[in-house]
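A.B. asks:
Residue numbers (UniProt numbering): 1 to 227.
Set out below in structure tokens:
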């Protein structure tokens, strides 16, 4: 948990999002929407102006030019900035010195990121996420000793592949990072989609952000249908 629940948690929060990854943006928008946070602007380049009504600016660190934290200062003059970092590409302290109000890791589950957005909008300091879901998403896995989990659960390697999909990587890039073939990545993705009931990359990203490893990527609707 980032903070204790308080009365302001039910207040409307307006978020401006900056990310160059369309897949990650789709998942993040859905996560924030599910959390009751209103996305008022979506930007893909750092030179664009934040929407002036935003209560918080959520910035994907990989969108910053050359992983340079200095543009954060200009955005922080408009609204509190929450940086979504990626595997410590830049140390969190550098963003905080540049004016960011908080830093979270991109691998963290969506609930934790949404909580951080609320906290930053309210001027409350956030602490590193230590929840089990985040640890599982970042845990190493051995492809040679990767037993299938039961009843819809993801194996260690499948969780790794899902995490990299949520970061917006292509199958080829995932294969290079994990030291496996693109065909093997394709096989893992097919298994993950089957287990999570996800039809596309956006739904896989949403599942990863939610920290889910069971068949619940699409919320059930009345009559047994899925969204």
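Glycine included, every Cβ here is placed at the ideal spot set by N, Cα and C.
(1) So, using beta-carbon positions, are residue 72 and residue 54 closer together than 8 Å?
(2) Would residue 114 and residue 102 be called neighbours here (beta carbons separated by less than 8 Å)?
(3) Could you give the DSSP three-state label for residue 21: helix, strand or coil?
(4) I need the straight-line Cα distance from residue 104 to residue 209, nearest angstrom please.
(5) For the region 82-130, which segments carrying the alpha helix (DSSP H) assignment without a break, of at least 4 residues, lie completely within its bounds, in sequence order?
(6) Going by CA-CA distance only, name the one from 44, 27, 19 that's closest to residue 84.
(7) Using a 10 Å radius around the Cβ and a threshold of 16 neighbouring Cβ atoms, would you call residue 65 buried or exposed?
(8) My guess is that residue 205 and residue 155 are in contact by the Cβ rule of under 8 Å, so how many angstroms apart are they, rounded?
(9) Could you please give me the residues that DSSP links to residue 41 through a beta bridge?
(10) Relative to the alpha-carbon of residue 94, which residue among 86, 196, 38, 68 has its alpha-carbon at the smallest distance?
(11) On a CA-only basis, which of 78, 86, 118 is nearest residue 11? Give me that one, please.
(12) Round the Cβ separation of residue 174 and residue 185 to the nearest angstrom and send it over; I've been treating them as touching at under 8 Å.
(13) Would you tell me roughly how many angstroms separate the C-alpha atoms of residue 22 and residue 80, rounded to the nearest one?
(14) When burial is assigned at 16 or more other CB atoms within 10 Å of the CB, is residue 172 buried or exposed?
(15) Under the DSSP definition of a beta bridge, which residues are partnered with residue 56?
(16) How close, in whole Å, do the beta carbons of residue 29 and residue 39 come, if the pair is a contact with beta carbons under 8 Å?
(17) Beta-carbon within less than 7 Å of residue 56's beta-carbon, same chain only, minus the 5 sequence neighbours each way: which residues are those?
C.D. replies: Working from what's here:
(1) With respect to residue 54, residue 72 sits apart: the two C-beta atoms are not nearer than 8 Å.
(2) no
(3) coil
(4) 13 Å
(5) 92-98, 110-121
(6) 19
(7) exposed
(8) The Cβ separation is near 19 Å, so there is no contact.
(9) When beta bridges are read from the DSSP output, residue 41 appears opposite 16.
(10) 68
(11) 118
(12) 5 Å
(13) 23 Å
(14) exposed
(15) Under DSSP, residue 56 takes part in a beta bridge, and its partners are 15.
(16) 5 Å
(17) 13, 15, 79, 80, 82, 117, 120, 121
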